[in-house]
Amino acid sequence: MSTREPFGIGSVSVGLYLHDIPLGDALEDLFEQARQAEAAGFDGVTLSEHHAGMAGYLPSPVQVSGWLLRELRTAWAAACPVLLPLRPTGLVVEEVAWMGVRYPGRVGVGFAPGYAPTDFEVANADLEDRRTRFNRELPTAVRALTGQATGPLAADPAVAATARSPIPIVSSSAGPVAARRAGRAGAGLILGGFNSVDRCRELFQAYASTGGLGPRLLIRRVWVGRPPSGRMDAMGEWYRQAGADASWLDPSSSAELIAGEDAESVAARLAAVLDATGATALSARFYLPGVQPEVTLEQFRRFGTEVLPVLRSLWRPLALMASS
């Protein structure tokens, strides 16, 4: 089944990254990634936030998501995640809400507390206080983007419009407490790569235990064919070096890359992982350090034409939702 709703049940999106090429070319390539993803059959695209030139990432994913939506015909786009403690919550809410007015039904957003010290240095924000602030601000952001804003923010016409067209929202989690908190706040849950199947199942169950009814979005890195040697290990080390707290990097998940020589095996492995974890939506990732842009685009095309039709026939997220 296919859906165009951001993070909707059965949706398959792709995370986009900047390649290490001249900056102007990298932006043009980002637009081409979005166009090729839509042509390949992905429901939407996502962009993640990091600062200080962290390789592959953008400092303003909400802004760039708007650029991408101009390039796309029907696919959705989401800044996911936005690092909520780095900016005033009201400003983030207004920016997302206004984009939702411009592109109705095609805007989603994800929130995370962040972990990289350089992100907080650039924003002149307190790294140590990030979780406290995130825990306080997440419910405010969710309410405001679903038509329940209070105070001066409620007077913003785009924010008020979310009462009729709420913005789909997911929140990141590094543990059961955060997963339950997302459920209580009314957000969906996104679980990043480098989490084992068992860990993801535990966190999605914790989310559901508090009445969480939103999307359960799982990130998985995928490769059709023989993957480049050593790239996943390099990526794991890259993330460890970037963050002061690497506890979210599950050491048992070195095999998180789902790869296979043929589409059927990749689709079968993905469907098994999605069913085992209890995920209701997939965010596929193909970016690996050092891989050239044309290789990434070829992966988009192969996944869309070869894997995606088989995956949609095997994966039954609606049945999963009914039984959970």
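All residue numbers for the sequence shown refer to the numbering used here, where the first residue is 107 and numbers rise by one. Glycine included, each C-beta is placed from N, C-alpha and C at the ideal position.
Mark Gln142 as exposed unless 16 or more other C-beta atoms lie within 10 angstroms of its C-beta, in which case mark it buried.
buried
Start-end ranges of the beta strand (DSSP E) lying completely within the stretch 244-324, minimum 3 residues
Those beta strand (DSSP E) runs which fall completely within the stretch 244-324 and span 3+ residues are 275-278 and 294-297.
For Pro245 and Gly292, I'd like the C-alpha separation in whole angstroms.
7 Å
So, are the CB atoms of Phe217 and Val199 less than 7 Å apart?
No, the pair does not count as a contact, with Cβ atoms beyond the cut-off.
Just to confirm, is the Cβ distance from Ala203 to Pro112 under 7 Å?
no
Quick check on the DSSP output: what are the complete alpha helix (DSSP H) runs of length 4 or more inside the stretch 169-219, in order along the chain?
195-208
What would DSSP say about Leu388, mapped onto helix, strand or coil?
strand
With 16 other CB atoms within 10 Å as the buried threshold, where does Asp225 fall?
buried
Near Leu376, what residues of its chain come up, given a Cβ to Cβ distance below 6 Å and the 5 sequence neighbours on each side ignored?
Same-chain partners within the cutoff: Ile364 and Leu417.
If I'm right that Arg287 touches Asn241 with Cβ under 8 Å, what's the distance once you round it to whole angstroms?
Right, the Cβ-Cβ distance comes to about 6 Å (below 8 Å), so this counts as a contact.
With distances taken between CB atoms, is the gap from Gly121 to Ser389 smaller than 7 Å?
yes
Spatially closest choice to Thr238 from Ser271, Leu190, Gly206 and Leu124, by CA coordinates
Leu190
Can you tell me whether Glu369 is buried or exposed, with buried defined as 16 or more other CB within 10 angstroms of its CB?
Here residue 369 is Ala; the residue named in the question, Glu, does not match the sequence. Ala369 comes out buried.
Can you tell which of Trp329, Leu380, Gly366 and Ala385 has its C-alpha closest to the C-alpha of Val397?
Trp329
How about Glu155 and Pro167: do their beta carbons lie closer than 7 Å?
yes
For a quick check, are the C-beta atoms of Trp182 and Gly150 less than 7 Å apart?
The criterion of a C-beta distance shorter than 7 Å is satisfied by Trp182 and Gly150.
In angstroms with no decimal places, state the Cα-to-Cα distance between Glu227 and Thr268.
33 Å
Since Leu251 and Ile273 should fall inside the 8 Å C-beta cutoff, what is the C-beta to C-beta distance between them, to a whole number of angstroms?
4 Å
Here's a check: name, in chain order, each residue in its chain whose Cβ is nearer than 7 Å to the Cβ of Ala312, leaving out the five neighbours to either side.
Pro282, Ala285 and Arg286
Can you tell me where the alpha helix (DSSP H) holding Ala373 begins and where it ends?
Ala369 to Thr383
Check for me: the alpha helix (DSSP H) holding Val228 runs from which residue to which?
Pro223 to Ala229
When DSSP labels each residue in this structure, what does Gly116 get in the three-state scheme?
Correct three-state label for Gly116: coil.
Where do the ends of the beta strand (DSSP E) carrying Leu153 lie?
Gly150 to Leu153
Residues that DSSP places opposite Ala365 in a beta bridge
Trp329
Which residues does DSSP pair with Gly396 in a beta bridge?
In the DSSP output, where bridge partners are listed per residue, Gly396 has none listed.
Quick one: give me the first and last residue of the alpha helix (DSSP H) that Leu414 is part of.
Leu414 to Leu420
How long is the line joining the alpha carbons of Gln405 and His125, rounded to whole angstroms?
14 Å
Is Leu133 helix, strand or coil by DSSP?
Helix, per DSSP.
Met160: which of Arg407, Ser302 and Tyr123 sits nearest, CA to CA?
Tyr123
To the nearest angstrom, report how far apart Trp421 and Gly257 are at their CA atoms.
A straight line joining the alpha-carbon of Trp421 with that of Gly257 spans about 43 Å.
How is Leu164 classed by DSSP in three states: helix, strand or coil?
strand
By the 10 Å Cβ neighbour count, where 16 or more other Cβ atoms means buried, how is Leu129 classified, buried or exposed?
Classification for Leu129: exposed.
Assign Ile325 to buried or exposed, taking buried as 16 or more other Cβ atoms, counted over all protein chains shown, within 10 Å of its Cβ.
buried
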